[in-house]
Amino acid sequence: MRHALRAQVRVILLSMTLRPHIAAIRFGLGLRLGEVPPRDPEGWLLEQIARPLAPPPGPSSAEALRIVDEPARTRQLRLALQAPAASEARRVTQEVARSRLEAEGMQLPPRAPAGDAATAEPLAVLLRGDALGWAQHRLTSESPFLDRLADFWANHFTVSRRKVTVGGLSGPFEREAIRPFLTGRFADMLVAAIRHPAMLLYLDNVDSIGPNSPEGRRSGRGLNENLAREVLELHTLSRTGGYSQEDVQELAKILTGWSVRRRGEPHGFLWREETHEPGTKTLLGRRFEEGPESQEAALRMLAAHPATYRHLALKLARHFVADDPPPGAVAELEETLRRTEGDLGAVHRRLVTLREAWERPAAKFRTPRDLVLAAGRALGLTQGQPVLSGMGELGQPLWQARQPDGWPDRMEDWSGPEALMRRADWAYTFAGRLGRVDLLAVSEAALGPLGRAETRDAMRRAGSVRDALTLLLCSPEFQFR
Amino acid sequence: MTAPSAHASFRLTRRSLLLGLGATAILGRSRVAFAQAPGERRLVVVLLRGGLDGLHVLAPYGDPHHATLRRAIALPEPGREGGLLDLGGRFGLHPALANLHAMFRAGEAVLLHAVAAPHRSRSHFEAQDLLEGGGERLISSGWLNRALQAMPMEGAVRPGLAVGTAVPLLLRGAAPVGAYWPAGMDRPSPDLMHRLAALHDAEPLLGPSFREGMRARGFTDQTLGQEREPERESFPRLAAAAGRLLAEAQGPRIAALDLGGWDTHALQAPRILTPLRALDAGLAALRTALGAHWAQSVVLVVTEFGRTVRVNGNAGTDHGTAGVAFLAGGAVAGGRVVTDWPGLAPGALFEGRDLQPTTDIRAVAKALLAQHLGLRPHAVAQAFPGSDSVAPMGGLLRG
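Those protein sequence lines, which keep their order, are chains W and Y.
If you want the working numbering, it's the 1-based position in the first sequence plus 21.
If you want the working numbering, it's the 1-based position in the second sequence plus 160.
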């Protein structure tokens with residue numbers, strides 16, 4: 022009995038000394054080279070969400086839409102693919118074009134070797150700039166908890182540019198629909214996210230026509246349920262939330278009319294009255310009159326549904342605590358959401374004060390994004406390209422989630438044999454691109470008190486700085502947060 | 161240790177001799193060389209990172225203490241099955257270096273023994289930094305870069321080229337250098353993969369997955385150097401690429417390459433095969449790719465330190481002091497082992513454990529800068545500051 026108590030005290034003491042490092046890796050993006058771990062870990066985290074910052078700069082959704090508002094674009098891209106690429110810019114152009122056309126199911130010619138330097142595709146330039154900004158912001162960020170929350174919610178409301186028409190809208194989406202609401206209400210974020218051009222294009226609402234609307238009767242076109250289904254299944258109630266196929270259809274009808282102006286000014290959200298399904302709809306037993314107010318009303322009802330709170334609590338706990346989070350932790354978060362009627366600031370604060378979130382260090386396996394960013398920060402990088410390359414090499418390319426449910430959040434999805442081999446390849450490649458580094462300082466930032474003696478020993482015995490860094494970045498303890 | 165008696169392929173170079181004769185000859189030649197077009201001479205430096213065991217690859221089987229000290233890992237003498245390659249007596253070359261041996265026999269390779277940089281560090285990183293910096297203390301630029309600064313820049317072409325993912329310290333500094341890296345061929349060495357696997361074994365979920373990944377990629381547990389060999393595949397490709405670029409009329413004239421895998425603390429005899437074969441294939445690839453320019457080329461192969469004279473308890477060797485350096489190329493006056501052999505007798509060892517250095521690697525490098533690239537004395541001194549007492553070694557190059 023006394024023995025058990027002593028063991029428990031030791032665990033508590035251990036986790037106390039680890040708390041600064043846990044704060045930095047579990048809730049943050051890892052320590053930067055030379056950064057002192059926060060003395061008051063909880064306070065450090067709470068401070069970051071107490072004063073929400075303006076989103077980092079970047080193009081707006083209107084700019085991202087304007088840049089592709091040109092005729093015959095697809096044909097030009099196809100032609101561009103035939104010529105060999107002589108410059109990096111040109112190669113980027115081709116890769117963007119490839120991913121677009123592949124997403125459309127087109128059979129493509131093989132990649133050509135380096136060729137001539139031609140004019141870069143404007144969308145590729147915009148995407149590249151925005152992606153580099155994304156990475157560089159996170160490499161140097163001093164409010165990494167806020168960035169982690171932005172990434173969590175951007176993943177919850179995935180808009181992937183694997184869908185051609187999403188184009189350069191993923192970055193604007195984060196800045197316009199996610200970041201402004203990180204300490205606000207979930208209902209406001211839901212409305213902003215669903216109404217955003219990126220989402221309306223990604224989940225086909227622009228093609229959803231009320232069959233009895235003027236446009237529907239004229240063209241004979243009908244509903245596209247894609248957005249409505251994902252709102253219910255992914256964004257709010259979840260599959261177990263108790264809705265029917267009829268509810269999906271009713272929500273799809275409600276959402277008709279929310280569209281995007283892609284040709285001509287002003288680019289952006291567009292209310293298309295002529296595609297809106299007339300008549301009253303019934304969603305989860307509640308009636309919604311026709312018209313441009315009904316969409317927001319329906320979304321707000323879904324946002325405040327108990328099943329939604331349960332779903333969000335589980336996802337948050339899975340992301341920040343453990344793959345299979347303790348039911349108590351989930352219940353706490355759920356209760357906070359219910360009590361505050363979906364106050365995200367409150368639930369994010371509750372997350373930080375959850376006992377379970379601090380108990381087990383290294384409980385979560387890092388996704389490639391977490392891993393590469395943590396490596397970049399520990400090495401003091403400021404350039405974004407190595408981060409973007411690494412994410413691509415490890416199977417999590419920025420803004421290119423494969424499905425609307427976003428990137429998976431469990432270890433089993435990222436720790437397969439080939440995935441681990443790729444981590445070794447990546448670590449070796451990444452380490453090889455660096456100049457001389459202070460191994461001790463890097464190791465302190467990367468592992469801190471979580472570093473094992475075996476890893477330190479293996480690093481000491483490595484035959485080159487490169488090998489030592491590979492051992493560090495691919496060490497098992499660096500794979501967790 | 162008594163100096164060895166004269167031998168056909170065994171040239172004795174005493175430092176006193178070098179200081180006396182070498183310097184004058186060099187002064188004369190460097191002026192001539194500089195007046196001629198220096199733009200056609202090529203220099204490639206290959207850095208063997210991790211500490212190559214010179215006693216293993218250029219084995220002094222004629223030394224009376226060799227057999228005893230090296231029994232656990234020594235190869236049979238020349239002429240026996242699986243034995244060393246004959247260099248004319250006393251020293252033998254590792255059989256995995258067959259191409260280098262062919263160059264030696266063609267008079268295109270000089271093998272230097274008991275060589276060391278001026279430092280006495282047994283830390284890889286410090287030793288590499290010192291070797292590349294070229295000083296007795298750490299310098300933030302490399303000696304090859306400082307040499308480049310003295311070379312004429314012809315047009316927009318950068319005469320220096322780093323072949324690899326990073327520019328090594330050796331080539332870092334004020335002179336702009338190019339960097340070349342073919343995409344998608346970079347993989348950790350089998351040895352590094354096994355070390356990573358060992359680290360993963362402690363993790364119950366990751367360990368088996370990592371092992372399975374290695375199995376799927378064709379690594380096996382017991383044999384290193386006989387299964388899939390990424391280094392062996394990639395280094396010759398890099399060397400060939402470097403050779404092609406150097407052969408271009410407007411291409412670079414100086415290149416540096418890295419090859420790792422030499423830190424053989426355990427099971428040295430099998431584990432050293434992979435990097436040795438890679439090195440040997442790389443030298444052959446360079447020769448082929450350089451084509452007619454091989455005649456004007458010198459390849460300098462160096463490592464940060466040699467390894468302990470005694471074999472450790474894991475059939476490997478630990479960080480030591482003096483080791484070997486190789487010169488290959490059509491411009492080399494080759495076919496000779498060059499050493500001031502200190503011997504392996506207990507009293508002759510450095511700190512009782514390492515091969516005693518008798519040749520300063522700077523004497524070799526300075527000779528290449530002065531006699532091969534035609535750098536003036538002040539430029540050579542800028543490349544190797546504080547080395548006034550180390551004269552460039554004479555007779556390494558064809559006239």
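A virtual CB, placed ideally from N, CA and C, is assigned to each residue, including glycine.
Where residue 200 of chain W and residue 76 of chain W are concerned, what is the direct C-alpha to C-alpha distance, given to the nearest angstrom?
-> Looking up residue 200 of chain W in the first sequence gives position 179. Looking up residue 76 of chain W in the first sequence gives position 55. Each residue's Cα considered, the two are about 6 Å apart.
Does the beta carbon of residue 484 of chain W sit closer than 8 Å to a beta carbon anywhere in chain Y?
-> The sequence position of residue 484 of chain W within the first sequence is 463, counting from 1. So, interface residue.
Within the same chain, show all residues whose beta-carbon is closer than 6 Å to that of residue 166 of chain W, passing over the 5 residues directly before and after it, in chain order.
-> By 1-based counting over the first sequence, the position of residue 166 of chain W is 145. 48, 49, 66, 69, listed in sequence order.
Is DSSP giving residue 53 of chain W helix, strand or coil here?
-> Counting from 1 along the first sequence, the entry for residue 53 of chain W is found at position 32. Residue 53 of chain W falls in the coil class under three-state DSSP.
If we ignore side chains and look at the alpha-carbon of each, how far apart do residue 501 of chain Y and residue 223 of chain Y end up?
-> Looking up residue 501 of chain Y in the second sequence gives position 341. Looking up residue 223 of chain Y in the second sequence gives position 63. About 10 Å.
Taking the C-alpha atoms as reference points, what is the distance between residue 233 of chain W and residue 253 of chain W?
-> Translated into the one-based positions of the first sequence, residue 233 of chain W becomes position 212. Translated into the one-based positions of the first sequence, residue 253 of chain W becomes position 232. If I take the Cα positions, the gap works out to 23 Å.
Name, please, each residue of chain W whose Cβ falls closer than 7 Å to the Cβ of residue 372 of chain Y.
-> Looking up residue 372 of chain Y in the second sequence gives position 212. Here the neighbours are 438.
Indicate whether at least one CB of chain W lies closer than 8 Å to the CB of residue 499 of chain Y.
-> On the second sequence, position 339 is the one that residue 499 of chain Y refers to. Not closer than 8 Å to any Cβ of chain W, the Cβ of residue 499 of chain Y fails to qualify, so no.
Leaving out five residues on either side along the sequence, give the residues of the same chain with a beta carbon under 6 Å from the beta carbon of residue 175 of chain W.
-> Taking the first residue of the first sequence as 1, we reach residue 175 of chain W at position 154. 195, 199.
Three-state secondary structure assigned by DSSP to residue 457 of chain Y = As a first step, residue 457 of chain Y is located in the second sequence; it is residue number 297 there, counting from the start. Looking at residue 457 of chain Y - three-state DSSP - the assignment turns out to be strand.
How would you label residue 493 of chain W, buried or exposed, when you count the other beta carbons within 10 angstroms and need 16 or more for buried?
-> The count along the first sequence starts at 1 and reaches residue 493 of chain W at position 472. Looking at its Cβ environment, which holds 16 or more other Cβ atoms inside 10 Å, residue 493 of chain W is buried.
Verify whether the separation of the beta carbon atoms of residue 436 of chain W and residue 356 of chain Y is less than 8 Å.
-> Translated into positions along the first sequence, residue 436 of chain W becomes position 415. Translated into positions along the second sequence, residue 356 of chain Y becomes position 196. Taking 8 Å as the Cβ cut-off, residue 436 of chain W and residue 356 of chain Y do not qualify as a contacting pair.
How long is the line joining the alpha carbons of residue 120 of chain W and residue 434 of chain W, rounded to whole angstroms?
-> Position 99 of the first sequence holds residue 120 of chain W. Position 413 of the first sequence holds residue 434 of chain W. For residue 120 of chain W and residue 434 of chain W, the distance between alpha carbons rounds to 23 Å.
Contact test: residue 226 of chain Y Cβ vs the ligand NAD heavy atom, cutoff 7 Å = Of the ligands one can find in the structure shown there are none, so the ligand NAD has no counterpart to examine.
Is the beta carbon of residue 414 of chain Y less than 8 Å from the beta carbon of residue 203 of chain Y?
-> The residue given as residue 414 of chain Y occupies position 254 in the second sequence. The residue given as residue 203 of chain Y occupies position 43 in the second sequence. The answer is yes: Cβ separation under 8 Å.
For residue 445 of chain W, which residues in chain Y fall below 7 Å Cβ to Cβ?
-> Translated into positions along the first sequence, residue 445 of chain W becomes position 424. Within 7 Å Cβ-Cβ: 348, 353, 356.
Endpoints, the alpha helix (DSSP H) within which residue 288 of chain W is located = Along the first sequence, one-based indexing puts residue 288 of chain W at 267. Here residue 288 of chain W belongs to no alpha helix (DSSP H), and DSSP marks it neither H nor E.
Where does residue 524 of chain Y land, buried or exposed, given buried means 16+ other C-beta within 10 angstroms?
-> Numbered from 1 along the second sequence, position 364 holds the residue referred to as residue 524 of chain Y. Burial call: buried.
Euclidean distance between Cα positions of residue 416 of chain Y and residue 510 of chain Y = For this step, residue 416 of chain Y is matched to residue 256 along the second sequence. For this step, residue 510 of chain Y is matched to residue 350 along the second sequence. So the alpha carbons of these two residues sit roughly 30 Å apart.
By how many angstroms is the C-alpha of residue 538 of chain Y removed from the C-alpha of residue 167 of chain Y?
-> The count along the second sequence starts at 1 and reaches residue 167 of chain Y at position 7. The count along the second sequence starts at 1 and reaches residue 538 of chain Y at position 378. For residue 167 of chain Y, the predicted structure reports a pLDDT of 32, less than 50, and the residue's modelled location is therefore unreliable. The matter cannot be settled from this model.
Beta bridge counterpart(s) of residue 292 of chain W as assigned by DSSP = As a working note, residue 292 of chain W is residue 271 in the first sequence. The partner list for residue 292 of chain W (beta bridge, DSSP) reads W/279.
Apart from the five residues just before and just after residue 425 of chain W, which ones in its own chain have a Cβ nearer than 7 Å to its Cβ?
-> Numbered from its first residue, the first sequence carries residue 425 of chain W at position 404. Excluding residues within five positions, the ones whose Cβ falls inside 7 Å are 179, 224, 251, 255.
Does any CB atom of chain Y fall closer than 8 Å to the CB of residue 491 of chain W?
-> Numbered from 1 along the first sequence, position 470 holds the residue referred to as residue 491 of chain W. Output row for residue 491 of chain W: interface = yes.
Within chain Y, the residues that residue 496 of chain W reaches when beta carbons sit closer than 7 Å = Numbered from its first residue, the first sequence carries residue 496 of chain W at position 475. Those within 7 Å of residue 496 of chain W in chain Y are 359.
Closer than 8 Å to chain Y by CB, residue 432 of chain W = If you number the first sequence from 1, residue 432 of chain W lands on position 411. At least one chain Y Cβ lies under 8 Å of residue 432 of chain W.
Interface residues of chain Y facing residue 476 of chain W [CB-CB closer than 8 Å] | Your numbering for residue 476 of chain W matches position 455 in the first sequence. Neighbours of residue 476 of chain W on chain Y, chain order: 359.
What does a CB cutoff of less than 7 Å around residue 476 of chain Y pick up in its chain, not counting 5 residues either side in sequence?
-> Numbered from its first residue, the second sequence carries residue 476 of chain Y at position 316. Closer than 7 Å at Cβ, skipping near neighbours: 424, 425, 426, 427, 428.
Using the Cα positions of residue 136 of chain W and residue 374 of chain W, report the straight-line distance between them to the nearest angstrom.
-> Taking the first sequence and counting its residues from 1, the one referred to as residue 136 of chain W is at position 115. Taking the first sequence and counting its residues from 1, the one referred to as residue 374 of chain W is at position 353. Low confidence applies here, because residue 136 of chain W scores a pLDDT of 35, under 50, leaving its location unreliable; read the following figure in that light. The alpha-carbon atoms of residue 136 of chain W and residue 374 of chain W are separated by roughly 56 Å.
Under a three-way DSSP split, which group does residue 161 of chain W fall into?
-> Residue mapping note: residue 161 of chain W aligns to position 140 of the first sequence, counting from 1. Helix.
Name the chain Y residues whose beta carbon is nearer than 9 Å to that of residue 384 of chain W?
-> Translated into positions along the first sequence, residue 384 of chain W becomes position 363. The contacting residues do not exist; residue 384 of chain W stays about 12 Å from chain Y at best.
Does the pairing of the segment 478-494 of chain Y with the segment 267-277 of chain Y give three or more beta-carbon distances under 8 Å?
-> yes
Selected residue, minimal CA-CA separation from residue 283 of chain W, among W/186, W/206, W/305 | Within the first sequence, residue 283 of chain W is the residue found at index 262, counting from 1. Comparing Cα-Cα distances from residue 283 of chain W to each of W/186, W/206, W/305, the minimum goes to W/186.
Same chain, Cβ closer than 6 Å to residue 469 of chain W, five either side skipped, listed in chain order | Mapped onto the first sequence, residue 469 of chain W falls at position 448. Correct list, in chain order: 42.
In chain order, which beta strand (DSSP E) runs of at least 3 residues are fully inside the segment 456-499 of chain W?
-> none
Is the CB of residue 246 of chain Y under 8 Å away from at least one CB in chain W?
-> Counted from its first residue, the second sequence places residue 246 of chain Y at position 86. Residue 246 of chain Y does not count as touching chain W.
Whole-number beta carbon distance between residue 205 of chain Y and residue 330 of chain Y, since they are thought to touch under 8 Å | Your numbering for residue 330 of chain Y matches position 170 in the second sequence. Your numbering for residue 205 of chain Y matches position 45 in the second sequence. Their Cβ separation, rounded to whole angstroms, is 6 Å, which keeps residue 330 of chain Y and residue 205 of chain Y in contact under 8 Å.
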